[in-house]
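In order, the protein sequence lines correspond to chains S and Z. The numbers in the working numbering rise by one with no breaks, and the one at position 167 of the first sequence is 172. The numbers in the working numbering rise by one with no breaks, and the one at position 44 of the second sequence is 49. Only one structure is covered here, and it is reproduced in the block below.
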Amino acid sequence: MRATYLIAALALMLCGGPEFAQGAQGHRGGVVSNRRSPEQEKTPVDEFERMSPEQQEKALAKLPPERRKKVEAQLAKLRSLPPEQRAALRQTYNRLSEFPPERQQQLRKALQKFGSQPADRQEAIRQELRQLSGLSAEDRAVRLKSPEFRSTFNHGEQQIVRDMADLLPAR
Amino acid sequence: MECPSKREDSSEVLISYVEGSLSPSAQIAFERHLEACGRCRELTAAQQELWAALDTWAPAELSADFNERLYERIASEESSRPKWAERLTKAGLAWQQAVPVVAACAALMVVFLWRGPGTEPGVYFGEEAVASQGRGPQIEQVESALEDFEMLGQLDFRSVAESALRKKI
């Protein structure tokens, strides 16, 4: 009987096999691969940028005019960024992609909430994130529970900061 | 998005969509496609109807003497069991033991038939897949990633990262 359990366990391991193997090769993902170093330029946008102009045109042609226009504007904006800013964005995107889909959606909602805050509150949140980015994981947790943090931000803002802190590079 | 109804794995996309297991970006892409594609709308509606029907389906109630009749039948089949089966049982190969083996084989078959690289609906194709299949990421995925880039851009993480670097120095 023990042998059959072993076989069943082996089958379960093999069920995860292709995913592990593909992850190790860096070309699998719901959206993008979960196992990838930040330096690797493997976001869908980077893949798109590596396509030939003809292939890009063909892909863009599949979109309705308004969406195509928006994509082209976003691409132009991204291309105009300094390389280091683009790299920082890519790394943050990669960190976002490493979360499970449900958490990714939560983080996107938090980003939307952040975007809907008044400019001065956005800057206050950015300032807090700058401060958090210089702290270790333990110190970040302490800071996020501190009375000072709670008195600086209202409940909604606190949640935005907590969510966005997950996207900060580890120290 | 390439129309799933024209693809070999069309049922996979539709079923995944109806059961809610598509990735968020693939779901958005498919919903956008649904707005424009009547054929896919029809197929999706049919699939949803099927699921709804299955949800409302209730098994027939068992008769009061079901267990009694079942045990009687088992007993009668036991007595008429072929000798080779008895020998196998004596050799330690009871059917209960065979179940995990059969289940394992079935799981393996399902996994390898169902999950070839790059065959998952709406997935992002990496470099190797691009080279082998001659296609890049789906444009909806690029679109979705650009939306993410735009949202993340408002955080200005570069200045955040620079700030962290300055503190390190």
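Glycine is no exception: its CB is placed at the ideal position from the N, C-alpha and C atoms.
**Asked** When you check each C-beta in the stretch 118-132 of chain S against every C-beta of chain Z, which residues fall closer than 8 Å?
**Response** Taking 8 Å as the Cβ-Cβ cut-off against chain Z, the residues of the stretch 118-132 of chain S that qualify are F119, G120, Q127, R131.
**Item:** S:Q79 and Z:E155 closer than 8 Å at C-beta
**Value:** S:Q79 is a Cβ neighbour of Z:E155, given a cutoff of 8 Å.
**Prompt:** How big is the Cα-Cα spacing for Z:L55 and S:H160?
**Reply:** For Z:L55 and S:H160, the distance between alpha carbons rounds to 44 Å.
**Message:** So, with DSSP's three-state summary, where would you put Z:G158?
**Reply:** helix
**Message:** On the criterion of 16 or more Cβ atoms from any shown chain inside 10 Å, does Z:D153 qualify as buried, or is it exposed?
**Reply:** buried
**Asked** What whole-angstrom Cβ distance do S:L137 and S:R145 have, given they're in contact under 8 Å?
**Response** 5 Å
**Prompt:** Mind checking if S:Q163 is an interface residue toward chain Z, Cβ cutoff 8 Å exclusive?
**Reply:** no
**Message:** Please classify Z:Y22 as buried or exposed, where buried requires at least 16 neighbouring CB atoms within 10 angstroms.
**Reply:** buried
**Asked** Which residue from S:Q90, S:R84, S:R73, S:L173 puts its Cα closest to that of S:G139?
**Response** S:L173
**Message:** Considering just the uninterrupted stretch of the alpha helix (DSSP H) at Z:C45, what are its terminal residues?
**Reply:** 43-61
**Message:** Give me the chain Z residues within the contact set of S:P106, using Cβ-Cβ distance strictly less than 8 Å, ordered along the chain.
**Reply:** In chain order: S28, P29.
**Anticipated Cβ contact below 8 Å, Z:A34 with S:Y98, distance rounded** = Actually they do not touch by this definition, with Cβ atoms about 18 Å apart.
**Prompt:** Can you list the residues of chain S that Z:L157 reaches, using a CB-CB cut of under 8 Å?
**Reply:** L94, T97, Y98, L101, L116, L172
**Request:** Please list the partners that S:R113 has in chain Z, where partner means a Cβ-to-Cβ separation under 8 Å.
**Result:** D153, M156
**Asked** Where Z:Y16 and Z:S10 are concerned, what is the direct C-alpha to C-alpha distance, given to the nearest angstrom?
**Response** The question names Tyr, but residue 16 of chain Z in the sequence shown is Ser. It is roughly 8 Å from the alpha-carbon of Z:S16 to the alpha-carbon of Z:S10.
**Asked** Closest Cβ-Cβ distance between Z:D161 and chain S: below 8 Å?
**Response** Interface criterion met: the Cβ of Z:D161 is under 8 Å from a Cβ in chain S.
**Message:** Which residues in chain Z have a C-beta closer than 7 Å to the C-beta of S:P49? List them in chain order.
**Reply:** Y129, P142, Q146, V147, A150
**Prompt:** Expressed to the nearest angstrom, what Euclidean distance is found between the alpha-carbon atoms of Z:G25 and Z:S81?
**Reply:** Looking at the two C-alpha atoms, the distance is approximately 46 Å.
**Item:** the stretch 67-78 of chain Z contacting the stretch 31-50 of chain Z, beta-carbon criterion three pairs below 8 Å
**Value:** Not touching, per the Cβ criterion.
**Exposure of Z:A63, with buried meaning 16 or more beta-carbon neighbours within 10 Å** = exposed
**Message:** Can you give me the C-alpha to C-alpha distance between S:Q117 and Z:M114, rounded to a whole angstrom?
**Reply:** 43 Å
**Asked** Does the beta carbon of S:F154 come closer than 8 Å to any beta carbon on chain Z?
**Response** At a cut-off of 8 Å, the C-beta of S:F154 has no neighbouring C-beta in chain Z.
**Message:** I believe S:L134 touches Z:L160 by the beta-carbon criterion, under 8 Å. Please report the beta-carbon distance rounded to the nearest angstrom.
**Reply:** 7 Å
**Any C-beta of chain Z under 8 Å from that of S:E59** = no
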